[in-house]
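Trainee:
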Amino acid sequence: MLGLIGTAAITILSGCGPNSGPRWWRRLWSGKTAAASIPPCIVRPEQTEGPYFVDEKLNRADIRSDPSDGSVKEGLPLRLTIRVHEITNNACTPLAGARVDLWHCDAAGVYSDVRDRSFDTRGKKFLRGYQTTDTAGKAVFLTIYPGWYQGRTVHIHFKIRTAPESRRGYEFTSQIYFDDAQTDQIHAHPPYNTKGQRTVKNQQDGIFNDGGPELILQMTQEADGYAGTFDIGLEMT
4 MLGLIGTAAI TILSGCGPNS GPRWWRRLWS GKTAAASIPP CIVRPEQTEG
54 PYFVDEKLNR ADIRSDPSDG SVKEGLPLRL TIRVHEITNN ACTPLAGARV
104 DLWHCDAAGV YSDVRDRSFD TRGKKFLRGY QTTDTAGKAV FLTIYPGWYQ
154 GRTVHIHFKI RTAPESRRGY EFTSQIYFDD AQTDQIHAHP PYNTKGQRTV
204 KNQQDGIFND GGPELILQMT QEADGYAGTF DIGLEMT
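Following our numbering, the numbering of the sequence shown begins with 4 at its first residue and continues without gaps.
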């Protein structure tokens, strides 16, 4: 039976420091230090795909823009690395060639290319895309810190497929979450604060309460945003 194991780790990118970024950003990160890497191979839960997955087949690392008009979504940049491994003989081996899809809402809580009660964005494709893992098992995305919408805590959806064009391939779907205190600090500033205070935090979200603490992304500062790495292992034998 296929399983999933992994860990959250931190990527510190060169050229980053506490004195970079906007003034409020420097205040937010003043005195913070990077956490130590967590040992790999921690079991992670699968979670619901949700109602807003669209298989766009949009191969791109920077998912902030909308290909239909070239506009770029506002928000704090987030460089997210998802690192996929195959678990064999109790070892984590990088898995190359796996497709990793990423999708989430914008700072106002809106998803692209779907029709909902409060928005209709069909034809738009912002904050969606996929990358194929390289020889190190990495898929790297440049996106923004997500906003919020009614009924959910802040999150990012991801899907991993080893053979997306075949029914025989392996597929795993889950969600990535964020520390509530960090979210509250970030959402107090533009463009997030125009929506008002969010109504649901992690422990109030029923989906988060089904394994969410194991899916929180650990992050560190980049020049103008965040960087985080999320390690995942697939037991495929």
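We put the beta carbon where it would ideally sit given N, CA and C, even for glycine.
Could you please give me the residues that DSSP links to P97 through a beta bridge?
Mentor: H88
Trainee: If you drop the 5 nearest sequence neighbours on each side, which residues of the same chain put their C-beta closer than 8 Å to that of L107?
Mentor: Here residue 107 is His; the residue named in the question, Leu, does not match the sequence. Close CB contacts of H107 within its chain, under the 8 Å cut and outside five residues either way in sequence, are with Y114, L130, T146, P149, H158, I159, H160 (chain order).
Trainee: If contacts are defined as beta-carbon pairs under 8 Å, then T136 and A94 qualify, I think. What distance do you get, rounded to the angstrom?
Mentor: 17 Å between Cβ atoms; not a contact.
Trainee: In terms of alpha-carbon separation, which member of I189, N205, Q206 lies closest to K198?
Mentor: I189
Trainee: Specify, as a first and last residue, the run of the beta strand (DSSP E) that A230 falls within.
Mentor: 229–238
Trainee: What is the DSSP secondary structure of P204, counted as helix, strand or coil?
Mentor: The residue asked about is misnamed: residue 204 is Lys in this sequence, not Pro. Looking at K204 - three-state DSSP - the assignment turns out to be coil, as it is neither helix nor strand.
Trainee: Less than 6 Å between C-beta atoms, sequence neighbours within five positions excluded: which residues of the same chain meet that for K35?
Mentor: For K35, the predicted model reports a pLDDT of 43, less than 50, meaning its position is unreliable; a value from the coordinates is still stated below. Within the same chain, K35 has no close Cβ partners at all.
Trainee: Compute the Euclidean distance between the alpha carbons of P193 and G126, then round it to the nearest angstrom.
Mentor: 26 Å
Trainee: Since P80 and E217 are thought to touch, with beta carbons under 8 Å apart, how far apart are those beta carbons, to the nearest angstrom?
Mentor: With 8 Å as the limit, P80 and E217 do not qualify as a contact, their Cβ atoms being about 25 Å apart.
Trainee: Step through the CB atoms of chain C and report whether any lies within less than 8 Å of the CB of Q207.
Mentor: The chain labelled as chain C is not found in the depicted structure, where only one protein chain is given.
Trainee: Tell me the residue span of the alpha helix (DSSP H) that contains D187.
Mentor: 183–189
Trainee: Can you grab the Cα-Cα spacing for the pair R170 / A230, in whole Å?
Mentor: 34 Å
Trainee: Count the other CB atoms within 10 Å of the CB of A191; is the residue buried (16 or more) or exposed (fewer)?
Mentor: exposed
Trainee: Assign R86 to one of two classes, buried (16 or more other C-beta atoms within 10 Å of its C-beta) or exposed (fewer than that).
Mentor: buried
Trainee: Helix, strand or coil for N196 per DSSP?
Mentor: helix
Trainee: Out of V143, Q134, T138, L83, point me to the one whose CA is closest to Y180's CA.
Mentor: L83
Trainee: Quick check: R67 and V57, are their CB atoms within less than 8 Å of each other?
Mentor: no
Trainee: Distance, Cα to Cα, S40 vs Q221?
Mentor: Low confidence applies here, because S40 scores a pLDDT of 46, under 50, leaving its location unreliable; read the following figure in that light. For S40 and Q221, the distance between alpha carbons rounds to 9 Å.
Trainee: According to the Cβ coordinates, are V117 and T156 closer than 8 Å?
Mentor: no
Trainee: Could you check what DSSP says for L105 in three-state terms: helix, strand or coil?
Mentor: strand
Trainee: Mapping DSSP to helix, strand and coil, what is F81?
Mentor: Sequence check: residue 81 is Leu here, not Phe. In the structure shown, L81 sits in a strand (DSSP, three-state: E or B).
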